[in-house]
Each structure stands twice: as structure tokens, then as C-alpha cells.
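K.L.:
Residue numbers (the working numbering), protein chains in the order written: chain A, 114 to 612; chain B, 114 to 612.
This is the structure we're talking about:
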């Protein structure tokens with residue numbers, strides 16, 4: 114979920130109005146059964162497994178823990194009952210491919226990531242790679258550490274479900290095919306190579322779809338099902354005297370501005386062409402493949418607008434006015450369906466306190482572009498380059514660091530109908546959302562040649578992915594938000610629903 | 114010389130063609146006299162004085178060494194023979210006012226600064242506040258430290274001249290009035306308060322002009338006399354969701370760009386209006402007070418173009434093409450006479466390696482604007498604000514951190530004719546330049562009510578002002594570039610020439 118969130122809160126549609134959530138006292142939402150007992154019995158073992166995983170970080174951006182990460186995941190999968198587990202070499206960090214043949218009729222795909230985002234220990238209340246259990250107000254006991262919610266916590270809960278089913282002497286209701294990567298946080302640059310392996314492709318092709326374990330429950334108890342995600346192109350746009358052939362290749366005294374061109378202004382002039390006066394995309398041909406929301410999708414948005422709290426969403430974001438002075442329904446529709454041109458960061462020349470009379474030789478804008486069907490990342494990048502070239506900015510470097518196509522999965526797919534059924538069994542009526550405003554590499558499953566359903570699923574609660582003090586709730590004291598054992602149970606129920 | 118240089122090299126007109134320089138073997142360029150002997154005898158004492166000064170830094174931006182700096186300068190002035198030395202309180206760092214009544218016919222003004230720019234020791238080859246003597250290739254022994262050339266080295270050489278004249282039993286040929294400040298590096302925000310004191314104003318009014326000791330000799334031996342300097346407005350332009358009332362006041366996940374306005378793009382759109390397609394100022398009314406170069410000034414530029422080396426200037430700056438594809442003469446004229454709009458730095462949102470999917474709530478451009486006669490800093494700031502307001506950018510904060518009007522001194526003033534004579538005596542034919550491309554607070558002397566001549570003078574060589582490894586040459590091994598004792602002698606000769 115690299116591009117999908119800075120913190121969970123900021124990506125959610127808003128906050129659900131109250132009255133939708135029913136608390137439950139046990140992992141299961143019916144009478145307790147043997148699997149519940151096994152989940153409870155194995156609670157400490159599962160928690161220890163998650164802590165061990167967090168304490169062994171893989172950080173692709175730092176080339177840290179790469180070999181250890183693939184090895185540890187392989188061991189976790191073998192221990193959970195997968196009968197074949199293979200590392201899949203790529204041009205980068207290795208992938209992992211695993212299967213579990215339960216002699217079941219149906220097969221379900223899983224997508225895991227074993228890498229995590231960087232963490233600066235100085236910013237954390239609890240050391241990011243110690244996975245301590247901490248008390249959180251209004252929530253209860255949680256594991257705090259990098260990867261706790263993104264994605265080791267939910268994935269550990271899923272593995273705990275396999276342990277519990279087996280431990281209770283039950284037969285797994287579906288076969289499993291699992292693919293994992295260790296480069297999700299740097300934009301999955303080689304994951305397509307894992308999926309291109311014949312054996313992997315053939316195994317995935319037999320599945321009813323692919324899901325990623327996910328901490329879907331918000332602090333107010335609400336759950337949202339996203340039927341897809343926007344695509345993204347993330348890049349740096351760099352103006353430099355060196356490539357431009359104008360200005361000074363050293364940082365020189367700003368008095369020279371009188372006789373020298375400015376790469377920083379060259380960048381500003383290029384950036385200004387990317388949007389119109391209102392701030393909307395103005396790149397040549399950018400919107401020509403954009404598909405408007407269908408009447409069904411519009412109905413979902415209308416329902417979400419009624420069931421979610423605009424005022425609380427605005428408060429959470431620190432917002433008084435939506436772009437284009439839109440109403441709440443339009444703001445939700447925009448989040449799902451409007452392509453974006455965003456400046457993530459600007460950096461060039463002197464960036465310290467006060468001023469420094471320098472004429473910088475280069476300046477960089479960090480950009481991201483969110484894409485909707487039927488845009489593609491490749492076409493978007495080509496359009497960006499053509500747009501710049503046409504306006505005299507062909508010297509600007511476009512360094513793409515991550516690119517995902519949009520991904521869409523039908524609400525009527527087995528993957529999704531089973532999600533709705535499982536949440537409803539738990540007393541939750543999920544809000545259906547046509548498309549997540551963020552991005553994940555689901556398009557590799559939903560696109561050709563696999564053309565599978567793909568999405569996220571799971572109870573469980575955590576926040577602060579990519580931020581300090583990331584956590585995953587273990588033992589809840591909040592009646593609206595359930596802890597680890599209930600998350601485990603949600604995976605058990607989902608697998609049975611999928612069968 | 115806060116706004117005047119990043120490094121000396123970058124502000125010079127270029128590099129003089131060879132053949133202009135005559136080496137000399139002694140501080141004096143005639144037969145050695147008693148003053149030469151005294152300069153040589155006091156060489157180590159003067160060096161030690163400079164080292165002591167560098168080891169006691171005053172850094173206004175950090176409020177460091179403020180009281181010590183004024184005290185130390187006062188002691189240095191008293192020791193050099195000034196008979197009244199007073200600290201002048203301001204709303205910021207105190208100024209210093211000193212007079213030396215030599216019972217001479219004429220009185221000369223001096224401008225000193227006792228503060229220095231910040232220094233990051235990690236970037237230095239020799240600790241910036243230890244003032245070690247180091248060996249520099251092709252130059253010889255130099256003092257390395259913050260303030261070595263900007264401005265403690267040249268000022269120490271001037272004080273050494275006073276010691277030498279007195280030590281040799283000679284009478285000082287002129288009376289002196291000295292004004293100093295400890296906030297030059299933050300844009301002289303309170304120096305006008307020093308000059309507004311009746312006693313100071315009256316004393317300065319009696320002078321033939323004011324000069325600042327300055328290391329005027331380039332590495333090739335050339336010397337340039339600047340007959341003025343551009344003015345400057347230095348400011349931050351800040352776009353924020355808070356002031357704009359649009360976008361998110363937190364940094365939020367970039368997916369929200371679909372429904373939220375972008376302060377960073379708001380800034381980009383504002384910046385793009387400040388220049389035209391060629392990068393030249395496009396602020397409303399910006400050029401209406403610009404006075405073109407006179408025929409005399411144009412002749413100076415033509416002479417400078419002939420006598421300086423374009424290829425070497427381009428090489429030093431890392432430049433292949435001047436702005437507007439100008440020739441060398443036009444490039445020199447632009448440096449002297451063209452107003453500028455410059456981006457010193459851009460900073461906003463995520464500025465680390467790679468990307469981060471964030472929608473920043475604020476972005477800042479650090480700008481400087483160079484002004485030429487008859488523009489004024491106050492009028493320029495007003496025009497900038499009006500220009501922004503007219504285009505819907507009145508929410509952007511304009512935080513001015515420094516502002517100087519342009520300053521001009523006549524080539525026929527006694528201050529300048531004495532400079533030419535002194536340099537010529539040393540075998541140097543100075544290049545006359547109508548106006549320095551950088552800026553200094555000389556307008557406080559040349560403007561009303563004082564309306565004095567003002568400029569810089571001094572042999573001596575040093576570089577890397579504001580940069581790491583700043584140095585001032587002490588014992589030269591380069592026949593073209595003279596060391597400390599010759600710089601001292603140049604001040605002796607200048608004072609006699611002024612008399």
C-alpha cells in the first residue's frame with residue numbers, strides 16, 4: 114500500500130456516521146466454536162510471530178534485510194501449512210511463491226509484501242523495530258513498530274487463521290496460491306517478473322481472485338470495501354543547467370541572474386503548464402481516456418455521502434473548502450474518479466532558514482499523478498513527456514520512481530460478495546466505494562493476462578502506516594473496534610465464505 | 114557584503130586578461146620606507162589580531178557573540194588609535210561609532226562589519242573558528258576561517274596600517290570617522306538607526322566619503338573598482354492552506370489532491386507570473402524607473418569587455434551561454450544594469466530522496482530581486498505585492514528579510530580618484546565598473562541625508578565568503594597576488610592619497 118496512504122485516516126472516505134457497528138464479545142460472532150478456542154489458545158504464539166517479523170525489517174530503499182526477509186517469510190509460510198514455498202529471483206529483491214493444496218474445489222490467491230517503509234527512530238515513542246506492546250488510549254494494547262499495520266500485522270493475522278483452522282483439526286476450505294514481494298514500498302519495480310514465471314502465472318490463473326490481508330476497520334468501527342484503486346505515476350521532474358545547456362552548472366552568486374538563465378524558474382514555468390487556472394490537469398490529452406463513473410458507481414457514492422460525516426472528514430484533514438467548492442458527494446466522487454496532478458515536494462537551491470543569495474543550478478519537483486480507468490501509467494508518462502517537449506521543456510528530466518495502472522474489480526465477483534457476506538455476519542454493513550483514491554499494484558492481477566478479481570480484506574485496526582508510531586491493535590478495550598483474534602476470525606470466515 | 118557574494122570569484126566581472134599586473138617585492142611599490150619596516154615588524158602581531166577576531170565570532174542570525182563582538186571591535190579600534198569609541202544601541206545588535214582626530218585637514222569615513230555568516234564545521238577542511246594558517250596551492254600561507262575575507266581580514270589589514278603609521282612615528286594624514294554594525298549578514302536591519310544618531314550623522318557629514326576595507330585583488334592579480342552596487346529585496350514567498358483558506362492545513366495523503374487545492378501549485382502559479390517567457394522580470398511597473406546606462410558607463414563596460422576574459426569567466430561559472438544569448442559586453446552590461454527576479458531556493462512538502470505521496474500544506478520560494486537606479490527597495494516591494502494581489506495571490510505571505518536601495522558613487526569623487534591613483538602606484542590599472550551586480554548597504558551613505566561617496570577599497574586576496582574554507586592570503590608565493598603586508602601598505606597609501 115505504498116502509494117495508498119500516508120496515514121489511514123487521510124485516505125478513508127470520511128468517518129462513518131454512528132449506528133452501523135455492533136460490538137461483539139468473542140472472535141466469532143455466533144456461538145464460540147473449536148476454531149475460536151484455537152485462536153484464543155494460540156493468541157500469544159501469533160503475537161510473538163508478529164513481533165519477530167517486525168524485528169527483522171526488510172527495507173528495499175536501504176537494501177536492508179533483503180535476504181533475511183525472503184527467508185523469514187518462507188519459514189512463516191511453511192509453518193502455516195503451505196506445502197510448496199519458493200523464492201523467485203528478480204532483477205531486484207526476490208519474490209516468494211507458495212501454494213497450499215487443501216484438495217478443495219476452489220483456489221484463492223493472496224498477495225503479501227514483506228518489506229516496510231523506512232523509519233527514523235528519533236521520531237518514535239517506541240523503537241520502530243522492537244515491536245513493543247503499548248497501551249493506546251481509547252483502544253487498548255497494540256504492537257507498535259514499522260510494518261505493524263502495513264502489512265505484517267494483517268498478514269500475521271491471516272497466517273494465524275491458517276494455524277487455528279489446522280489446530281482445531283478442520284480442513285482448510287480452499288486451496289491457496291500466494292505471491293509476495295519485498296519491494297512494495299519502492300513501487301514494486303520487479304513484481305511483474307514474479308508474475309511472469311510460468312508456474313506462478315498458471316497457479317494464479319486457477320484462483321477466484323487475489324486478496325491482500327488488510328486492517329480494514331476504522332476507529333469508529335466502520336469498514337469500507339474498495340472496488341479498485343487509482344493508478345499512479347510518481348516521478349521527479351528535474352531542471353538543471355547541465356541538461357538545459359543554459360544557466361550555470363555551479364551554484365553561483367545570485368547577482369549573476371542578470372546574465373544567466375535560471376533552471377529553477379525553468380522548472381516553475383514547466384510546472385505551471387501542467388494545470389489550469391483552477392489547478393486541474395492541463396496536460397495535453399490527459400483526460401481523453403477517462404471513463405466517467407457509471408450509474409451504479411454514482412449510486413455507491415451517493416450512499417457513502419449519506420452514511421459518512423463530511424464535517425468530521427474536513428476536521429481530520431484540516432480543510433474548510435473542497436476543491437472547486439464542491440459538496441460532499443462531489444468530493445467523494447472526485448476522490449474516486451478524478452485524475453490528479455500533485456506536487457509532493459519542491460526542492461532546489463538554498464532551503465535553510467532565511468535567505469542565501471544563490472542562483473541554483475538545479476531544482477526538482479516531486480510529482481504524483483493519479484490515474485483512473487482507462488488511463489494507463491505508460492500512456493500517462495508518454496503524454497507528460499510529449500506535453501513538456503511541445504512547450505520547450507524537453508531538457509527536463511522525468512525520473513519515474515513508481516507506476517501502477519488503475520485497478521478495478523466487480524462488486525459481483527466472488528472475492529467481493531464473500532467480503533460483504535463476511536462483514537455482514539460480523540454485524541457490519543460495509544460502505545462500498547468504486548475506487549480507492551490511492552494506489553496499489555492490484556492492476557498486475559486485474560489486468561491482462563491474469564484478469565482476476567483483486568482487493569483487500571480483513572478486520573483488525575491499525576494506523577500510521579509510513580508515519581512514526583505505526584501500530585496494530587491486539588487486545589481492544591474499545592467496544593467498536595476489535596483486536597487481533599477477531600481479525601484472525603475474519604480471515605477464517607472469509608476463507609469459508611470464498612469456498 | 115552579505116548580498117554581494119557567494120564567493121568572490123562568482124561576482125567578479127570575469128578574469129582579467131594577462132599583462133596588466135606588475136609583481137612587486139615589498140609591501141611598498143617604491144623604495145622601502147619606515148612604514149614598510151614597521152609593517153614587516155608588526156606582521157605577526159597583526160596576524161595574531163586577525164586570528165583573535167575570527168576566534169570570537171558574532172553571528173546575528175544565531176544571536177551569537179553579540180555583546181563580545183561589539184566589545185572586541187571597540188578594543189581593536191581603541192588600540193589602533195581611535196580616540197573616541199562608543200557602542201551605539203539599536204533595536205537589534207549594537208553598532209559602533211569611533212573617531213580619530215588627527216588634526217588633519219580632511220576626514221575620511223569608514224564602514225566596518227563585525228558579524229560573520231554562519232558556518233557548518235562539518236563542511237570545512239579547517240575548523241571555521243580556529244583561524245588556522247594553512248598552505249594553499251598556487252597562493253601561499255593563508256588564514257582559514259569564517260570571516261577571514263568577509264570582512265575581518267581586510268579590516269585587520271586596515272587597522273594594521275594605522276598601527277604601522279603610528280609605529281613609524283608618522284602623523285595620520287586624515288581624520289577618521291568609523292561606523293560599524295553587527296548585523297550586515299542579516300541585511301543590516303538596524304544600521305540606519307546608527308546613522309540616525311545626531312553625533313554620528315554630524316561626524317559622517319564632514320567626511321569626503323565612506324569606504325569599506327575590501328580584498329579587491331583577484332587570483333590573477335586584477336583589481337576592479339565598482340562605482341556602485343545594485344539594490345536588493347530578499348524575501349520569502351509563502352503559500353499555505355492556512356492563509357489561502359483552501360487545501361488542507363495538515364500534510365495529507367496525496368490521493369486527496371482529487372478533492373483538495375494545492376498550496377504548492379498556488380505558489381508555482383504565482384511565481385510563473387513574475388517573469389516573462391524569457392525569464393525576465395514581468396512584475397507590473399517593475400521597469401518604469403530603470404535608468405539606462407549612460408554613455409560614460411557604456412564606455413566603461415566596453416573597456417571591461419576588452420580587458421577581461423569571457424572564456425575564463427564562463428568556465429569559472431560553469432556557463433556555456435549567457436541569458437538571451439548575449440555577447441560578453443552585453444553580459445557585463447546586464448550584470449551592472451539589468452534588474453533581476455531570482456529564485457534562491459524552493460522548499461515544500463517532501464524533500465528527501467525519492468518520493469512520498471503527500472499533499473503539502475505549504476510551500477516556500479526564497480527570492481531575491483536586484484534593483485538598479487532609480488528603483489527603490491520600498492517601491493519594489495510595493496509593486497510585488499500589488500502584482501500578486503491583482504492576480505489573486507494576495508494570500509501569499511511576502512516576508513522581506515533584507516532590502517537595500519541601489520547605490521552609486523561618481524568616478525570623479527575624491528574617494529574614487531584616490532583609489533585609482535593608489536592602484537596605479539602599485540602598478541595596477543583597475544577596471545572601472547559602473548555597478549557591482551551584488552548589493553551592500555552603501556545607499557545609507559550615498560542616499561539622503563548624507564549623500565556621500567561610498568565604496569570599497571584594498572589590496573589583499575581571499576575567497577569563499579559565505580562558503581566553507583573561507584580564507585585571506587597572508588604570505589603569498591604567487592608573484593601576481595600580494596599578501597597581508599601589501600594590503601596593509603595599500604591602506605597607508607590610500608589614506609595619504611585621500612589627504
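Here a beta-carbon is modelled for each residue, glycine too, at the ideal position from N, C-alpha and C.
In chain order, which continuous runs of the alpha helix (DSSP H) of length 4 or greater are located wholly inside the stretch 261-322 of chain A?
P.N.:
As summarised for the stretch 261-322 of chain A, the continuous alpha helix (DSSP H) elements at least 4 residues long and confined to that stretch are 266-280, 304-308, 311-318, given in chain order.
K.L.:
What residues in its chain sit with their C-beta under 7 Å from that of residue 170(B), if we drop five residues either side in the sequence?
P.N.:
If you number the second chain from 1, residue 170(B) lands on position 57. Once the five neighbours on either side are set aside, the close Cβ partners of residue 170(B) are 177, 178, 229, 242, 259, 260.
K.L.:
I want to verify the contact list: residues of chain E whose CB lies under 9 Å from the CB of residue 335(A), in sequence order.
P.N.:
Of the protein chains in this structure, namely A and B, none is chain E.
K.L.:
Can you have a look at residue 606(A) and say buried or exposed, based on whether 16 or more other CB atoms are within 10 angstroms of its CB?
P.N.:
Taking the first residue of the first chain as 1, we reach residue 606(A) at position 493. Answer is buried; the Cβ neighbour count reaches 16.
K.L.:
Checking 8 Å against the spacing of the C-beta atoms, do residue 193(A) and residue 272(A) come in under that value?
P.N.:
Residue numbering aside, residue 193(A) sits at position 80 when the first chain is read from its first letter. Residue numbering aside, residue 272(A) sits at position 159 when the first chain is read from its first letter. Yes, these two residues count as a Cβ contact at 8 Å.
K.L.:
For chain A, find out if any of its Cβ atoms is closer than 8 Å to the Cβ of residue 413(B); answer yes or no.
P.N.:
Locating residue 413(B) in the second chain gives position 300, counting from the first residue. Output row for residue 413(B): interface = no.
K.L.:
According to DSSP, is residue 388(B) helix, strand or coil?
P.N.:
Here residue 388(B) refers to the residue found at position 275 of the second chain. It is a strand residue.
K.L.:
Would you mind telling me which residues of chain B sit closer than 9 Å to residue 388(A), beta carbon to beta carbon, in chain order?
P.N.:
One-based indexing of the first chain puts residue 388(A) at position 275. By Cβ distance, chain B contributes 375, 378, 381, 382.
K.L.:
Do residue 351(B) and residue 174(B) come within 8 Å of each other at the CB atom, strictly closer than that value?
P.N.:
If you number the second chain from 1, residue 174(B) lands on position 61. If you number the second chain from 1, residue 351(B) lands on position 238. No, Cβ-Cβ distance for residue 174(B) and residue 351(B) is not below 8 Å.
K.L.:
Looking at residue 400(A) and residue 547(A), is the spacing between their C-beta atoms short of 8 Å?
P.N.:
Translated into the one-based positions of the first chain, residue 547(A) becomes position 434. Translated into the one-based positions of the first chain, residue 400(A) becomes position 287. No, the Cβ-Cβ distance between residue 547(A) and residue 400(A) is not below 8 Å.
K.L.:
Given residue 156(A), which residues of its chain have a CB within under 8 Å of its CB, disregarding the five upstream and five downstream residues?
P.N.:
As a working note, residue 156(A) is residue 43 in the first chain. These residues qualify, in order along the chain: 597, 598.
K.L.:
Can you find a CB in chain A that lies within less than 8 Å of the CB of residue 473(B)?
P.N.:
Within the second chain, numbered from 1, the residue matching residue 473(B) stands at position 360. So, interface residue.
K.L.:
To the nearest angstrom, report how far apart residue 387(B) and residue 378(B) are at their CA atoms.
P.N.:
Numbered from its first residue, the second chain carries residue 387(B) at position 274. Numbered from its first residue, the second chain carries residue 378(B) at position 265. Each residue's alpha carbon lies about 15 Å from the other.
K.L.:
Assuming residue 556(B) is part of the beta strand (DSSP E), what are its boundary residues?
P.N.:
The residue given as residue 556(B) occupies position 443 in the second chain. Premise fails: residue 556(B) lies in the alpha helix (DSSP H), 556-559, not in any beta strand (DSSP E).
K.L.:
With distances taken from CA atoms, which of 407(B), 437(B), 448(B) is nearest residue 426(B)?
P.N.:
Residue 426(B) sits at position 313 when you count from the first residue of the second chain. The shortest C-alpha separation from residue 426(B) is found at 448(B).
K.L.:
Do you know how far the Cα of residue 459(A) is from the Cα of residue 593(A)?
P.N.:
Taking the first residue of the first chain as 1, we reach residue 593(A) at position 480. Taking the first residue of the first chain as 1, we reach residue 459(A) at position 346. It is roughly 41 Å from the alpha-carbon of residue 593(A) to the alpha-carbon of residue 459(A).
K.L.:
If we call anything under 8 Å between Cβ atoms a contact, is residue 471(B) one with residue 462(B)?
P.N.:
Sequence index remark: in the second chain, residue 471(B) carries index 358 (1-based). Sequence index remark: in the second chain, residue 462(B) carries index 349 (1-based). Yes, they are a contact pair.
K.L.:
Please compile the residues from chain A whose C-beta is within a distance smaller than 8 Å of the C-beta of residue 205(B).
P.N.:
As a working mapping, residue 205(B) is identified with position 92 in the second chain. Here the premise fails: no neighbours, minimum Cβ distance about 14 Å.
K.L.:
Return no unless some Cβ of chain A is closer than 8 Å to the Cβ of residue 479(B).
P.N.:
Within the second chain, residue 479(B) is the residue found at index 366, counting from 1. At least one chain A Cβ lies under 8 Å of residue 479(B).
K.L.:
Let me see if you follow: with CB-CB separation under 8 Å, is residue 136(B) close to chain A or not?
P.N.:
The residue given as residue 136(B) occupies position 23 in the second chain. With a pLDDT of 34 at residue 136(B), under the threshold of 50, the predicted position of this residue should be treated as unreliable, though the coordinate-derived value follows. Chain A, which has no Cβ nearer than 8 Å to the Cβ of residue 136(B), makes this no.
K.L.:
Quick one: does residue 470(B) have its CB under 8 Å from some CB of chain A?
P.N.:
Start at 1 with the first residue of the second chain, and residue 470(B) comes out as number 357. Closer than 8 Å to some Cβ of chain A, the Cβ of residue 470(B) qualifies, so yes.
K.L.:
Please report the Cβ distance between residue 485(A) and residue 403(A), rounded to the nearest whole angstrom; I am assuming they are in contact, meaning their Cβ atoms lie under 8 Å.
P.N.:
In the first chain, the residue the question calls residue 485(A) occupies position 372. In the first chain, the residue the question calls residue 403(A) occupies position 290. At roughly 6 Å, the Cβ-Cβ gap stays under 8 Å, so residue 485(A) and residue 403(A) are in contact.
K.L.:
Per DSSP, residue 459(B) forms a beta bridge with which residues?
P.N.:
Walking along the second chain from the start, residue 459(B) turns up at place 346. Residue pairing for residue 459(B): DSSP places it in a beta bridge opposite 461(A), 478(B).
K.L.:
Using Cβ-Cβ distances below 9 Å, what residues of the stretch 346-358 of chain A are close to chain B?
P.N.:
347, 348, 349, 354, 355, 358
K.L.:
Give every residue of the same chain whose Cβ lies closer than 6 Å to the Cβ of residue 238(A), excluding the five residues on either side of it in the sequence, and list them in chain order.
P.N.:
Stepping through the first chain from its first residue, residue 238(A) is reached at position 125. Closer than 6 Å at Cβ, skipping near neighbours: 582.
K.L.:
Please list the segments of the alpha helix (DSSP H) lying wholly inside the stretch 471-541 of chain B, counting only runs of 4 or more residues, in order along the chain.
P.N.:
490-503, 527-538
K.L.:
Report the option in 498(A), 267(A), 320(A), 451(A) whose CA atom is closest to the CA atom of residue 342(A).
P.N.:
For this step, residue 342(A) is matched to residue 229 along the first chain. Comparing Cα positions, the closest option is 451(A).
K.L.:
Does the beta-carbon of residue 408(A) have 16 or more other beta-carbons within 10 angstroms, so that it is buried, or is it exposed?
P.N.:
The residue you call residue 408(A) lines up with position 295 of the first chain. Exposed: under 16 other Cβ atoms inside 10 Å.
K.L.:
Quick one: Cα of residue 398(B) to Cα of residue 336(B), how far?
P.N.:
Against the second chain, residue 398(B) aligns to sequence position 285. Against the second chain, residue 336(B) aligns to sequence position 223. Their Cα atoms are separated by approximately 36 Å.
K.L.:
According to the Cβ coordinates, are residue 213(B) and residue 285(B) closer than 8 Å?
P.N.:
As a working note, residue 213(B) is residue 100 in the second chain. As a working note, residue 285(B) is residue 172 in the second chain. Against a cut-off of 8 Å, the Cβ pair of residue 285(B) and residue 213(B) comes out as a contact.
K.L.:
I want to verify the contact list: residues of chain A whose CB lies under 8 Å from the CB of residue 435(B), in sequence order.
P.N.:
Position 322 of the second chain, counting from 1, holds the residue named residue 435(B). Chain A residues near residue 435(B): 372, 373.
K.L.:
Give me, in chain order, the residues of the same chain whose beta-carbon lies closer than 7 Å to that of residue 132(A); leave out the 5 immediate sequence neighbours on both sides.
P.N.:
Here residue 132(A) corresponds to residue number 19 of the first chain, with the count starting at 1. Low confidence applies here, because residue 132(A) scores a pLDDT of 30, under 50, leaving its location unreliable; read the following figure in that light. Counting only Cβ-Cβ distances below 7 Å, and skipping sequence neighbours, we find nothing.
K.L.:
Under the three-state reduction of DSSP, which class applies to residue 440(A): helix, strand or coil?
P.N.:
Here residue 440(A) is taken as the residue at index 327 of the first chain, counted from 1. Correct three-state label for residue 440(A): coil.
K.L.:
Should the stretch 301-310 of chain B be regarded as contacting the stretch 202-213 of chain B, the criterion being three or more beta carbon pairs within less than 8 Å?
P.N.:
Counting C-beta pairs closer than 8 Å gives three or more between the stretch 301-310 of chain B and the stretch 202-213 of chain B, which meets the contact rule.
K.L.:
Suppose the cutoff is 6 Å on Cβ atoms and the five residues either side in sequence are ignored; what does the same chain contact list for residue 325(A) look like?
P.N.:
Sequence index remark: in the first chain, residue 325(A) carries index 212 (1-based). For residue 325(A), where only same-chain residues beyond five positions count, the Cβ hits under 6 Å are 224, 569.
K.L.:
Excluding five sequence neighbours on each side, which residues of the same chain lie with their C-beta closer than 6 Å to the C-beta of residue 135(A)?
P.N.:
Walking along the first chain from the start, residue 135(A) turns up at place 22. Interpretation of residue 135(A) is limited by its pLDDT of 31, a score under 50 that renders its predicted location unreliable; no figure is taken from the coordinates.
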